[in-house]
Amino acid sequence: MSRTRKNPEDNCYPKRVYRGRSAFEFKPINGGAVRLCSLDSSVAEVWVHYEKYINDEKNTDKFNSLVEQFFKSADFIELSRETQKDYHKYSNKVLPVFGRMNPNSIKPEHIRKYMDMRGLKSRTQANREKTFMSRVFRWGYERGMVKLNPCQGVKQFKEKARERYITDREYDALYQSSPLLVQVAMELAYLCCARQQDVLSLKKDQLMEAGIYIKQGKTGKSQIKGWSDRLRTVIAMASDLPLDDDVSSLFIVHQQNGRAYTRDGFNSRWRKAKEQAAINNPELSFDFTFHDLKAKGISDLDGTLQEKQKISGHKNIGQTARYDRKVEIVPVVGNQK
């Protein structure tokens, strides 16, 4: 039974809502006070703030809330900008399914069922979304927010390693059909065996006497890519990228306003370049990704896998092997040296 209010006029307010010194307050059963709104608020406004608070409280035990807290955490903020964007994208897929569930009621069999259904359309995306959920659960488990990580022990789909090698003819055809922006980015990715984000984030102060200093965003490996005549030519080409009047840029690959290109912004120009190349060269296939340029660079390097690993900056030789895609030419019987 609720306590009788001192002022009968306050009976119009929700239960456990009282006038404080400077605001209307909700007083939970376990003590304390939660500010709802100022004392000059109308009865309707008090009810609106009360219901919002109650609804928010009801949702704190949902997976939605756990994800929101993770997105506000230092762990998330320390991730690269592109990884953050990917995680938000993955959350848009998993939250409609798991968002209103209590995290502790999500079991491995639920994760498995989701992956099986999602895998019908894209096994790769199913794996990425499961990895995202596992990251959230691991973060919550370490902070006592959940009892376990239901993703642990759930097998991911086996992903077929990409084997697409961009031939010199395909590369040249795309290069000739591309605007200056795409040409510069292609050459940097190929010559430096660099990821797209490392290319788009390159700054002019990374140009050194010995070469281009690159700290890989994925592995953290720092390298100086030594100058070659072709690499110097690319940097000279980049200086011709258009800029608005009285605008300068810190970036090597930049927009007309001087800012760096986002992944989505550059990819739209990359797709248009491939579409134009396909029109100009209908006999060729351009079904490769920008990331395949790095694989072409590693494949075209001379030397052993160990030597290629050192140049590529990979943590282990297995990673390098996945990028080494050029088909090996072997002698026939009787033609061995």
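Under UniProt numbering, the letters of the sequence shown match residues 1 to 337, in that order. Note that CB positions come from ideal geometry on N, CA and C, so glycine has one too. Treat the numbers as computed from the prediction; the structure is a model and nothing was measured.
- The distance from the Cβ of arginine 138 to that of asparagine 149 is about 5 Å, consistent with a contact at the 8 Å cut-off.
- In this structure, phenylalanine 63 keeps its C-beta atom at 8 Å or more from the C-beta atom of glutamine 196.
- Listed in chain order, the beta strand (DSSP E) runs fully inside the UniProt domain "Tyr recombinase" (176-325) are 211-215, 222-226, counting runs of at least 3 residues.
- Nearest to threonine 131 by C-alpha distance, out of Ser268, Gln152, Lys27, is Gln152.
- For glutamate 25, the beta-bridge partners assigned by DSSP are Tyr18, Arg35.
- The DSSP-derived three-state label of asparagine 92 is helix.
- In this structure, DSSP gives cysteine 151 a state outside helix and strand, which the three-state scheme calls coil.
- Less than 8 Å divides the Cβ of tyrosine 190 from the Cβ of glycine 297.
- Taking a cut-off of 8 Å on C-beta distances, the segment 202-213 touches the segment 252-259, as three or more cross pairs fall below it.
- If you check the CB distance, alanine 194 and lysine 308 do not come in under 8 Å.
- When C-alpha distances from asparagine 55 are compared across Glu187, Arg21, Ala23, Arg100, the shortest belongs to Arg100.
- When the Cα atoms are used, valine 48 and lysine 89 turn out to be separated by approximately 32 Å.
- Per DSSP, phenylalanine 157 lies in no alpha helix (DSSP H) and is assigned neither H nor E.
- The residue from Phe71, Lys225, Met117, Asp198 with its alpha-carbon nearest to that of phenylalanine 157 is Met117.
- In the three-state reduction of the DSSP assignment, lysine 130 falls in the helix class.
- Using a Cβ distance threshold of 8 Å, glycine 265 and valine 247 do not count as a contacting pair.
- Taking C-beta atoms as the reference points, alanine 277 and serine 177 count as a pair closer than 8 Å.
- Check the Cα spacing between serine 42 and each of Pro14, Gly32, Tyr213: the tightest is with Pro14.
- Between the beta-carbon of glycine 140 and that of proline 103 there is about 7 Å, and that keeps the pair under the 8 Å contact cut.
- Taking a contact as a CB-CB distance under 8 Å, the pair leucine 241 and leucine 174 does not count as one, their CB atoms being some 18 Å apart.
- DSSP places asparagine 64 in the uninterrupted alpha helix (DSSP H) bounded by 63-71.
- Listed in chain order, the non-local C-beta contacts of arginine 169 below 8 Å within the same chain comprise Leu284, local neighbours out to five positions each way being set aside.
- Counted as a single uninterrupted DSSP element, the alpha helix (DSSP H) harbouring methionine 117 occupies residues 108-119.
- From the listed residues Ala161, Lys155, Lys107, Lys274, the smallest Cα separation to methionine 186 is found for Lys274.
- Using a 10 angstroms sphere on the CB of aspartate 287, the tally of other CB atoms stays under 16, which defines it as exposed.
- Here serine 299 is near tyrosine 165, since their CB atoms are less than 8 Å apart.
- Between valine 146 and valine 67, the CB-CB gap reaches or exceeds 8 Å.
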